[in-house]
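See structure below.
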Amino acid sequence: MIESFKLRNVEFNNRILVASGTFGYGDEVPDLVDISQLGGIMTKSLSMKPRDGNPNPRITETASGMLNSIGLANIGVHKFISDKLPTLKKHDTKVIANIAASSVEEYCSVLELLDAQEGVHGFEINVSCPNVKEGGLSFGTDVTLVTRITKELRQRTNKPLIIKLTPNVTHISEFARACEAEGADAVSVINTVIGMAVNIHKRTPKIATTTGGLSGPAVKPIALAKVYETVNAVKIPVIGIGGIVTWEDAVEFFIVGASMVQIGTANFINPSTGITIAHGVKEFCEKNGMDNVGSLVKTLQTNRTISIVDSWL
Amino acid sequence: MIESFKLRNVEFNNRILVASGTFGYGDEVPDLVDISQLGGIMTKSLSMKPRDGNPNPRITETASGMLNSIGLANIGVHKFISDKLPTLKKHDTKVIANIAASSVEEYCSVLELLDAQEGVHGFEINVSCPNVKEGGLSFGTDVTLVTRITKELRQRTNKPLIIKLTPNVTHISEFARACEAEGADAVSVINTVIGMAVNIHKRTPKIATTTGGLSGPAVKPIALAKVYETVNAVKIPVIGIGGIVTWEDAVEFFIVGASMVQIGTANFINPSTGITIAHGVKEFCEKNGMDNVGSLVKTLQTNRTISIVDSWL
Amino acid sequence: MKQELVQIHSFECLTAEILELTFISEYLSTHAQPGQFVNIRVDNNFPLLRRPFSIFNIDENKVSIVFNVIGTGTKVLARKRKGDTIDVVGPCGNDFLSLADDSFDTAVFVGGGIGIAPFPFLTKRYPAGKEIITYVGGRQKELIVEKGLKNAKIATDDGSMGFHGTVLELIKNDFSTNAPKNPRFFLCGPNRMMKVVAEFAKEIGATCYASLECDMACGIGLCQGCNIEMVTGDKKYRLVCKEGTIFETQSVKFS
Amino acid sequence: MKQELVQIHSFECLTAEILELTFISEYLSTHAQPGQFVNIRVDNNFPLLRRPFSIFNIDENKVSIVFNVIGTGTKVLARKRKGDTIDVVGPCGNDFLSLADDSFDTAVFVGGGIGIAPFPFLTKRYPAGKEIITYVGGRQKELIVEKGLKNAKIATDDGSMGFHGTVLELIKNDFSTNAPKNPRFFLCGPNRMMKVVAEFAKEIGATCYASLECDMACGIGLCQGCNIEMVTGDKKYRLVCKEGTIFETQSVKFS
Ligand SMILES: Cc1cc2nc3c(=O)[nH]c(=O)nc-3n(C[C@H](O)[C@H](O)[C@H](O)COP(=O)(O)OP(=O)(O)OC[C@H]3O[C@@H](n4cnc5c(N)ncnc54)[C@H](O)[C@@H]3O)c2cc1C
Ligand SMILES: Cc1cc2nc3c(=O)[nH]c(=O)nc-3n(C[C@H](O)[C@H](O)[C@H](O)COP(=O)(O)OP(=O)(O)OC[C@H]3O[C@@H](n4cnc5c(N)ncnc54)[C@H](O)[C@@H]3O)c2cc1C
Ligand SMILES: Cc1cc2nc3c(=O)[nH]c(=O)nc-3n(C[C@H](O)[C@H](O)[C@H](O)COP(=O)(O)O)c2cc1C
Ligand SMILES: Cc1cc2nc3c(=O)[nH]c(=O)nc-3n(C[C@H](O)[C@H](O)[C@H](O)COP(=O)(O)O)c2cc1C
Ligand code: FES
Ligand code: FES
Chain R
1 MIESFKLRNV EFNNRILVAS GTFGYGDEVP DLVDISQLGG IMTKSLSMKP RDGNPNPRIT
61 ETASGMLNSI GLANIGVHKF ISDKLPTLKK HDTKVIANIA ASSVEEYCSV LELLDAQEGV
121 HGFEINVSCP NVKEGGLSFG TDVTLVTRIT KELRQRTNKP LIIKLTPNVT HISEFARACE
181 AEGADAVSVI NTVIGMAVNI HKRTPKIATT TGGLSGPAVK PIALAKVYET VNAVKIPVIG
241 IGGIVTWEDA VEFFIVGASM VQIGTANFIN PSTGITIAHG VKEFCEKNGM DNVGSLVKTL
301 QTNRTISIVD SWL
Chain H
1 MIESFKLRNV EFNNRILVAS GTFGYGDEVP DLVDISQLGG IMTKSLSMKP RDGNPNPRIT
61 ETASGMLNSI GLANIGVHKF ISDKLPTLKK HDTKVIANIA ASSVEEYCSV LELLDAQEGV
121 HGFEINVSCP NVKEGGLSFG TDVTLVTRIT KELRQRTNKP LIIKLTPNVT HISEFARACE
181 AEGADAVSVI NTVIGMAVNI HKRTPKIATT TGGLSGPAVK PIALAKVYET VNAVKIPVIG
241 IGGIVTWEDA VEFFIVGASM VQIGTANFIN PSTGITIAHG VKEFCEKNGM DNVGSLVKTL
301 QTNRTISIVD SWL
Chain E
1 MKQELVQIHS FECLTAEILE LTFISEYLST HAQPGQFVNI RVDNNFPLLR RPFSIFNIDE
61 NKVSIVFNVI GTGTKVLARK RKGDTIDVVG PCGNDFLSLA DDSFDTAVFV GGGIGIAPFP
121 FLTKRYPAGK EIITYVGGRQ KELIVEKGLK NAKIATDDGS MGFHGTVLEL IKNDFSTNAP
181 KNPRFFLCGP NRMMKVVAEF AKEIGATCYA SLECDMACGI GLCQGCNIEM VTGDKKYRLV
241 CKEGTIFETQ SVKFS
Chain D
1 MKQELVQIHS FECLTAEILE LTFISEYLST HAQPGQFVNI RVDNNFPLLR RPFSIFNIDE
61 NKVSIVFNVI GTGTKVLARK RKGDTIDVVG PCGNDFLSLA DDSFDTAVFV GGGIGIAPFP
121 FLTKRYPAGK EIITYVGGRQ KELIVEKGLK NAKIATDDGS MGFHGTVLEL IKNDFSTNAP
181 KNPRFFLCGP NRMMKVVAEF AKEIGATCYA SLECDMACGI GLCQGCNIEM VTGDKKYRLV
241 CKEGTIFETQ SVKFS
């Protein structure tokens, strides 16, 4: 039974990863979770300087989901290297550094620092960040910027380079194609969906930044559709994220075409979700006579010739 | 206590409407619901010719939501006028004809036929339809086409003209601005969100068309964020839709800035949801010393100077 | 049709896997007909949509349904207790009695698993003077309900109860040795089972009705989500919840 | 810290509105300290996130929490029965005992409404030789719990029990006539109440600790969702779930 997956020059023990921002730096949950059973850990987004993040309240629950606006609070890349990486290295799992930045230059510098670190196995680039030079518009909604970021970063690393796409665009496939063209090894789909909630008694937003990112089971159908659009647009692997709680959810993403999956919000409920899912997927494959989890990938049977836009719904 | 709301030349009894495609032609639920207590009914989308709609399965439940791909099954505008309108007219409520079409010309012809009908009080234009001439890409994701549709239709009617926007675009405010510029009286926000679900045993999509439209409480945070973006972009009224189940949900939309709201999926669970909500909103206003539901509208207190894109979430 | 909050009167285990839930409703007990269903909101928040259940029995002001725990909805329902209230819409759909004309002698009911659900109530209300035979098929004996059925003949896939084999095989056996007089078929159960039994009925020239099942968002004709493809008539699709659930089997395309 | 499926041992109504839920956990009963909380998944699907509850009492292998029905989560919890299992993560957060040094004589516990939750356990484990006074404030008597508290003095907004007024007024009254010797304050309850009591403590020069409440997604330091703004120290924010819930009140900015 082969569970592992190779991306560029890195072999992951299995195809189940934990999503950025939902597992800290891997050192918060040692009692509860045996991290070595995970395919890999996407770190909390790292920026050059430490970031305090947004004011409270940063989270609120919604129907089968949650909104967050943590504001990419993080300890900064230097402290990550000095304080967190040594511990992380001890686990038999892959560490993918997730990078956030407010300029193309910052993305490059953070990546260069991390690329020199042996314990960092690859990169996931969070492009859902405000481009300070352009008045705060998100990099991730501008295909020219995503192209440029990918190109610049590709020149600076030989480790796996994954671009994490935002779902808040009309055609995510355009962005995936741009990443592929510039040499990205994979794309992660999806980051959170823009959402909002209101406290009707105070007449204030329920999170301090007014809008935030929606995640959890509520967004699973959206994530699956975005993964479907993406896998039909590019040949590089797509990493599926969004609302995965059970192994059945993960199998849905594999069937649609994800090569790996990430567990986000579910970690808050059960930090060992990733491990439970890894076992569940394996068992499902064995029961169905597959000797490789890869045999599930992109096996969706559909007779729709699709253009993923609103059709006659 | 004023509950009513005037749009162009039409006064709605209250600000609670039932959403297109979720209340048939208003003649399905007479036992269960006193339609006259609703502000108005948005009809099932009408096209020139009758449409059979999509094959089964057309719906599936998701976490706090549902996917549908009815395929705009409808009896066609002629049969609507001859068979449904006479009954609808008897109720003391406003009838807004929702129009779907596969070409700009079809939108125009359907509207012209309905404009001549006294019992039709206004129009809501469903632009989430495939543009047959352009290979099936949705009108609603192309701002040029939405502009053209609005312009053409505005020339043909003096009744309220509402454009119903799709959330599946990067910047919904662009579309709202285009509608405003061309003389639309209001925009409805949102139609369903593209989504997907997979039967892992059969390895088939759970709805026949592979992807479908997500609705219900799961999308409420998304809808609120889209309404927020829209009300900050235009001066014409915004009609809020998406995941409204309780009167508290409706109040959230009013506070964010919706002038009216529509109830969709919740009708499937309780067909009288709209009426319950109308009462609940009224009571809430009275308890809080307001003599007009309008006093709620756009009263959100937020100190965020916002550009609605992914910011530092 | 009404929407009511009804009180649960009792739970009974009919088999190791199948529960009968009885609730009190003056309205439904006087208005519902055999073959109709009720649409139940099992809980306030989750799952979102109602779940349809055939009316299993009506006794004075008490109405009952039967179910086995399959997923979210039935799991929540099974955890309710006597005295709890549930939110019920009904009666929904058409009924067996008003559909079938009188030109037959033997009513043959065929239920697959929980698909026997409408037959006890139908048996009770059936016009005098008709013979009734009931065929019940299921994977194993835990899925076989006999309560309220008349002349029940049982087939299980694993042979744990009654005939060892499919319900169609059992019917064919019976009919080859001792065919009932001028039969008419009434089916309820999995599509696959109904499809083959309907073919058999056609072969022997008997009229056949089937109560179809499909995912429903509303159950009352609002969503257009429950379409079934027709092979006869002018419409390509009909709505299972409103124009059915019961259709003459030759008029529909089983999927 | 562990994640366990624990069995409910009993429910008890402490007032007309407040329930005590007791469950069995060898692990928690031996590892939890006063002021820590447990994070409970009240049901499998809905609501999505766990709900944090202070540990109210520990007796042999039995651990209890108290709650009143406010919204979705507590509604589901209140419907559970003896013998049902619930999914619990804990113990979470820091505790009162390891924070407070010994340089005081009287421990003044102040609880607002359900905010008394941590004090019975704290009372039980408190080092001998310290005086304890407990102030309990609430809107009305249905929200006042006395069980397990020592020297409890009660204030209600509507005067339905004890002193008619706020808990701060009661404390001020008491302190003006008969001030306890060298007091240290321990607070738990609504932010507004804690803020004003903390100000009073500061005025009289007493150290004051508060167990803060805020919405939590994870309760164990993974999500960074539970930040509280600091006024002292090098960090702008700290995490309530992990670096708290108990903070020295002069170090934090009450919102
Ligand atoms: C008109 C009508 C009458 C019905 N009458 C009854 C009845 O009398 N008794 C009864 O128990 N059920 C009946 N059903 C089915 C019932 O409505 C529910 O679908 C079923 O009980 C499962 O609901 P759930 O929420 O527990 O499962 P869900 O969580 O909705 O589904 C769990 C899994 O089981 C699958 N599934 C759902 N329903 C079925 C099914 N019927 N058979 C096989 N797999 C399924 C789903 O695809 C899903 O994968 C009827 C359905 C219709 C349309
Ligand atoms: C560390 C910690 C310890 C806690 N200990 C206890 C405890 O011992 N006993 C207890 O009952 N609760 C305690 N709480 C609060 C508890 O976790 C729940 O938030 C609360 O019980 C309501 O949950 P719910 O799901 O019923 O309400 P929800 O459905 O989550 O909320 C319903 C409504 O009530 C509001 N609301 C939520 N929580 C509160 C609150 N605490 N006060 C006022 N309004 C609120 C929400 O904003 C919402 O509008 C604690 C919270 C924390 C962070
Ligand atoms: C509290 C929280 C914090 C997050 N922080 C980050 C982050 O720092 N960087 C990033 O790329 N994504 C971040 N995400 C997004 C997740 O990695 C993931 O893409 C998203 O939550 C969808 O997956 P889910 O539904 O499984 O949670 C965060 C999500 C949550 C809920
Ligand atoms: C089954 C179904 C059918 C729908 N049909 C239409 C339609 O014909 N025309 C249209 O403009 N919107 C249609 N919609 C979209 C709704 O009007 C509404 O915009 C959407 O469902 C979001 O609101 P909700 O979450 O309250 O359902 C349909 C939605 C559903 C669920
Ligand atoms: S289930 Fe909605 S129309 Fe049949
Ligand atoms: S609640 Fe998640 S970090 Fe505190």
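Just so you know, the protein sequences line up as chains R, H, E and D, in that order.
Going by the working numbering, the first sequence opens with residue 1, and the numbers climb by one from there.
Going by the working numbering, the second sequence opens with residue 1, and the numbers climb by one from there.
Going by the working numbering, the third sequence opens with residue 1, and the numbers climb by one from there.
Going by the working numbering, the fourth sequence opens with residue 1, and the numbers climb by one from there.
All C-beta atoms, glycine included, are put in the ideal place defined by N, C-alpha and C.
Just verifying my parser: in three-state terms, what is the DSSP assignment at Asp-310(H)?
Low local confidence applies: a pLDDT of 44 at Asp-310(H) is under 50, so the model's placement there is unreliable, with the coordinate-based value given in what follows. Three-state DSSP puts Asp-310(H) in coil, outside helix and strand.
Inter-residue CB distance, Ala-155(D) and Leu-170(D) (contact presumed, cutoff 8 Å):
At roughly 4 Å, the Cβ-Cβ gap stays under 8 Å, so Ala-155(D) and Leu-170(D) are in contact.
Tell me the rounded alpha-carbon separation between Asn-57(D) and Phe-121(D).
Cα atoms of Asn-57(D) and Phe-121(D): separation of roughly 5 Å, rounded to the nearest angstrom.
Consider the Cβ of Gly-248(H): report whether some Cβ of chain R lies at a distance smaller than 8 Å.
The residue you asked about is not Gly; residue 248(H) is Glu in the sequence shown. At a cut-off of 8 Å between C-beta atoms, Glu-248(H) counts as an interface residue with respect to chain R.
Ala-73(H): beta carbon under 7 Å from a heavy atom of ligand 5?
No; taking the cut-off as 7 Å, the Cβ of Ala-73(H) has no heavy atom of ligand 5 nearer than that.
Endpoints, the beta strand (DSSP E) within which Ala-155(E) is located:
Counting along the chain, the beta strand (DSSP E) containing Ala-155(E) begins and ends at 152–156.
For a test of the three-state rule: what should DSSP assign to Val-169(R), helix, strand or coil?
In the structure shown, Val-169(R) falls within a coil segment according to DSSP collapsed to helix, strand and coil.
6 Å CB neighbourhood of Gly-21(R) in its chain, flanking five on each side removed:
Result list for Gly-21(R): Lys-44, in chain order.
Hey, out of Phe-185(E), Leu-212(E), Asp-84(E) and Leu-19(E), whose CA is closest to Ala-206(E)'s CA?
Answer by Cα proximity: Phe-185(E).
Determine the DSSP secondary structure at Ser-54(D), reduced to helix, strand or coil.
Note: Ser-54(D) maps to strand in three-state DSSP.
Beta carbon of Leu-114(R) nearer than 8 Å to that of Leu-153(R):
Contact: no.
Against chain D: residues of the segment 55–87 of chain E by CB proximity under 8 Å
If the cut-off is 8 Å between Cβ atoms, the segment 55–87 of chain E has Thr-72 near chain D.
Going by Cα to Cα distance, which pick from Lys-202(R), Val-193(R), Thr-147(R) and Glu-286(R) is closest to Ala-176(R)?
With distances taken between Cα atoms, Ala-176(R) lies closest to Thr-147(R).
Residues sharing a beta bridge with Asp-87(E), DSSP
Partner(s): Leu-5(E) and Arg-41(E).
Does the segment 23–40 of chain D come within contact of the segment 75–86 of chain H, defined as at least 3 CB pairs closer than 8 Å?
With a cut-off of 8 Å, the segment 75–86 of chain H and the segment 23–40 of chain D do not count as touching, because too few Cβ pairs lie within range.
Which residues neighbour ligand 1 when neighbourhood means a C-beta less than 5 Å away from any of its non-hydrogen atoms? List them by chain order.
Residues close to ligand 1 by the beta carbon criterion (under 5 Å to any non-hydrogen atom) are, from first to last along the chain, Phe-37(E), Arg-51(E), Pro-52(E), Phe-53(E), Ser-54(E), Phe-67(E), Ile-70(E), Gly-71(E), Thr-72(E), Gly-73(E), Thr-74(E), Ile-114(E), Ala-117(E), Glu-213(E) and Thr-245(E).
Three-state secondary structure (DSSP) at Ala-107(D)?
Three-state DSSP puts Ala-107(D) in a strand.
In whole angstroms, what separates the C-alpha of Lys-89(R) from that of Phe-5(R)?
Each residue's alpha carbon lies about 20 Å from the other.
Counting only beta-carbon atoms, is Phe-46(E) nearer than 8 Å to chain D?
For Phe-46(E), the answer is yes, since a Cβ of chain D falls inside 8 Å of its Cβ.
I need the DSSP call for Val-252(D), collapsed to helix, strand or coil.
For Val-252(D), the three-state secondary structure derived from DSSP is strand.
Can you check DSSP and say which residues form a bridge with Asn-227(D)?
Answer is Leu-239(D).
Does any residue of chain H have a CB that is nearer than 8 Å to the CB of Ile-194(R)?
When Cβ-Cβ separations below 8 Å define contact, Ile-194(R) makes contact with chain H.
Nearest-angstrom Cα separation, counted from Gly-264(R) out to Asp-34(R)
Here the C-alpha atom of Asp-34(R) lies approximately 17 Å from the C-alpha atom of Gly-264(R).
Ligand 6: which residues have Cβ under 7 Å from any of its heavy atoms, chain order?
Matched residues: Phe-268(R), Met-216(D), Ala-217(D), Cys-218(D), Gly-219(D), Ile-220(D), Gly-221(D), Leu-222(D), Cys-223(D), Gln-224(D), Gly-225(D), Cys-226(D), Leu-239(D), Val-240(D), Cys-241(D) and Lys-242(D).
Which residues does DSSP list as the beta-bridge partners of Gly-212(H)?
Paired residue(s): Gly-195(H).
Give the straight-line distance between the Cα atoms of Asp-310(H) and Thr-230(R), rounded to the nearest whole angstrom.
Because Asp-310(H) carries a pLDDT of 44, less than 50, the predicted location of this residue cannot be relied on, and the following value inherits that uncertainty. Near 20 Å, if we compare the C-alpha coordinates of Thr-230(R) and Asp-310(H).
Between Glu-28(R) and chain D, is the shortest Cβ-Cβ distance under 8 Å, so that the two count as touching?
Chain D, which has a Cβ nearer than 8 Å to the Cβ of Glu-28(R), makes this yes.
Terminal residues of the alpha helix (DSSP H) in which Lys-226(R) lies
Segment 220–231, the alpha helix (DSSP H) holding Lys-226(R).
Any idea what DSSP makes of Asp-234(D), helix, strand or coil?
Look at Asp-234(D) here: in three-state DSSP terms it is coil, with no helix or strand label.
Please report the residue range of the beta strand (DSSP E) in which Asn-270(R) lies.
Per DSSP, Asn-270(R) is not a residue of any beta strand (DSSP E), being assigned neither H nor E.
What residues from chain R crowd round Glu-252(H), counting only those whose CB sits closer than 8 Å?
Neighbours of Glu-252(H) on chain R, chain order: Ala-197, Val-198 and Ile-200.
May I ask which residues mark the beginning and end of the alpha helix (DSSP H) holding Val-146(R)?
Per DSSP, Val-146(R) is one residue of the alpha helix (DSSP H) stretching across 143–154.
If we define contact as Cβ-Cβ less than 8 Å, is Glu-142(D) a contact residue for chain R?
Answer no: the Cβ-Cβ gap between Glu-142(D) and chain R never drops below 8 Å.
With distances taken between CB atoms, is the gap from Lys-206(H) to Val-198(H) smaller than 8 Å?
Lys-206(H) places its beta carbon less than 8 Å from that of Val-198(H).
Rounded to a whole number of angstroms, what is the C-alpha to C-alpha distance between Thr-192(R) and Pro-221(H)?
Approximately 12 Å between the Cα atoms of the pair.
Going along chain D in order, which residues have a C-beta closer than 9 Å to the C-beta of Leu-32(R)?
Here the neighbours are Met-1, Lys-2, Gln-3, Val-89 and Ile-220.
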